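Q: Got a structure for you, written out below as structure tokens; questions coming shortly.
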Amino acid sequence: MARLPKRYVRFFEDFPEVGKAYETYGEAVATAGPLDEKTRCLMKLAMSFGARLEGGAKSHAHKALQAGATVEELRHAALLAAPTLGFPHMMACLSWIDAVLEEEKS
Numbered sequence: 827m828a829r830l831p832k833r834y835v836r837f838f839e840d841f842p843e844v845g846k847a848y849e850t851y852g853e854a855v856a857t858a859g860p861l862d863e864k865t866r867c868l869m870k871l872a873m874s875f876g877a878r879l880e881g882g883a884k885s886h887a888h889k890a891l892q893a894g895a896t897v898e899e900l901r902h903a904a905l906l907a908a909p910t911l912g913f914p915h916m917m918a919c920l921s922w923i924d925a926v927l928e929e930e931k932s
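Residue numbers (the working numbering): 827 to 932.
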């Protein structure tokens, strides 16, 4: 399992009530509809790709793997970025997935 980013941990240390409210909000949104956990994780990964959020993409890639997504599904999500976001951005997305897979190995 991946370590939490230091900034994320520090946020929860510095602002525990806000952190708890954020987690509660996230749980409410996650369970408000019919999507299963893996699908939600892959969708959040794709949204992170589109917003060019490297940290978010890596976090959601780890979560997607934990939810049962395959390496091929993560890579396919990155490939799907090409027509919408452009080839160079898709290549960046693939590099983020590669970095996550390396982290998962260690």
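Where a beta carbon is used, it is the ideal one built from N, C-alpha and C, also for glycine.
If you're wondering where the values come from, they're calculated on a predicted model, not measured in any experiment.
One question on the structure: do Leu871 and Ala887 come within less than 9 angstroms of each other, judged by their Cβ atoms?
A: Yes.
Q: From Ser874 to Pro842, what does the alpha carbon distance come to, in whole angstroms?
A: 25 angstroms
Q: With a 10 Å radius around its C-beta and 16 neighbouring C-beta atoms as the bar for buried, classify Val926 as buried or exposed.
A: buried
Q: Use the C-beta contact count for Leu868: other C-beta atoms within 10 angstroms, 16 or more gives buried, fewer gives exposed.
A: buried
Q: Please return the same chain residues whose Cβ sits closer than 7 angstroms to the Cβ of Gly894, not counting the five positions on each side in sequence.
A: Lys864
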